[in-house]
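Residue numbers (the numbering used here): 3 to 88.
We put the beta carbon where it would ideally sit given N, CA and C, even for glycine.
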Amino acid sequence: MNNNYYVSKTEPARNGDGTNVYFTFSYPNSGSRLDGNVKLTNKEYINALENGTDDDMYSGLYKAIKAKIIEINTATTTTTTTTKEA
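Laid out in structure tokens, this is it:
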């Protein structure tokens with residue numbers, strides 16, 4: 003699935019606390035595509051670049067993008083219910 007990602011741009015976050023990574027994901031069966039971006043912390047971005055390989059220097063970045071998307075979409079939320087006694 004890494005070959006379905008294309009990193010189109012990276013830039014420092016405006017407040018300096020990370021890097022915005024812009025990407026395109028192409029769905030393998032339909033040919034549809036999704037354009038998006040994730041913000042990686044400076045440490046996540048550096049680690050991702052270090053995890054690249056000789057034949058695909060962005061492979062670590064693709065994995066970091068996928069991990070961040072999963073993290074964003076599965077963030078836990080807490081719900082509080084209050085009952086009022088009569």
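Next item on the list: Measure the Cβ-Cβ separation of Thr21 and Tyr47 and say whether it is below 8 Å.
Entry: yes
Next item on the list: Pull up the DSSP beta-bridge partners for Asp37, would you.
Entry: Thr26
Next item on the list: Please name the residue in Asn75, Lys45, Asp56, Asn39 whose C-alpha comes closest to that of Tyr7.
Entry: Asn39
Margin query: One question on the structure: do Ala50 and Lys68 come within less than 8 Å of each other, judged by their Cβ atoms?
Written below: no
Next item on the list: Using DSSP bridges, identify the partner residues of Glu13.
Entry: Asn22
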